[in-house]
Amino acid sequence: MSDYDQNAANDAGYAAGAVEGDYNRADASLNRDESAIGSTFSRGVNDVENAPRDAERDVQQDFDNGVQDAENVPSDIGSGIDKAASWIGDKFGGAEREGRDAEGDVEGAGRRVEGDYGRAEGDVEGFGQGVGSAYDQGEQRGEQQGF
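Numbering (the working numbering), first residue to last: 28 to 174.
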């Protein structure tokens, strides 16, 4: 056999193998797609079959939640009132404390003013006595020494 015959046979075999490989890959791909379509269809059938039961379950769950919410309304209202009362009590208690603090501050300021007034009164009296004493001393010196 010549090199040409061998090359031609090799090329023909390659072509046949390539066609067969493409066919096998296409067949495998088709099988995968067919399987996926079958699975999707089965899931769709199951979803349709389960729809009434799923809907019933969802409606029952929503109903139960609504009933629970309705049953909780009195306690929710009571809790809200308790929280509001606590908040108001904190605000009034804070205002009361601030009022007491302010009263104490005013009393302290009053005592400080009284003390300052007493000291100032003593200073004025002392000044008046000092002026009077100085006047008297000056008068005595003037009488003794003259101008």
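For each residue, glycine too, the CB sits at the ideal point set by N, CA and C.
Could you check whether the Cβ of residue i sits closer than 8 angstroms to any Cβ belonging to chain D?
i, result
"residue 164", "The question asks about chain D, but that chain is absent: this structure has only one protein chain."
Given residue i, which residues of its chain have a CB within under 8 angstroms of its CB, disregarding the five upstream and five downstream residues?
i, result
"residue 96", "none"
"residue 167", "none"
"residue 35", "none"
"residue 171", "none"
Ordered along the chain, which non-local residues of its own chain (more than five positions away) have a Cβ less than 6 angstroms from that of residue i?
i, result
"residue 114", "none"
"residue 57", "none"
"residue 64", "none"
For residue i, I'd like the list of residues in its chain whose CB is within less than 7 angstroms of its CB, leaving aside the five on either flank, ordered along the chain.
i, result
"residue 128", "none"
| request: Could you name each continuous alpha helix (DSSP H) segment of 4 residues or more that falls completely within the segment 79 to 166, going from the start of the chain to the end? | output: none
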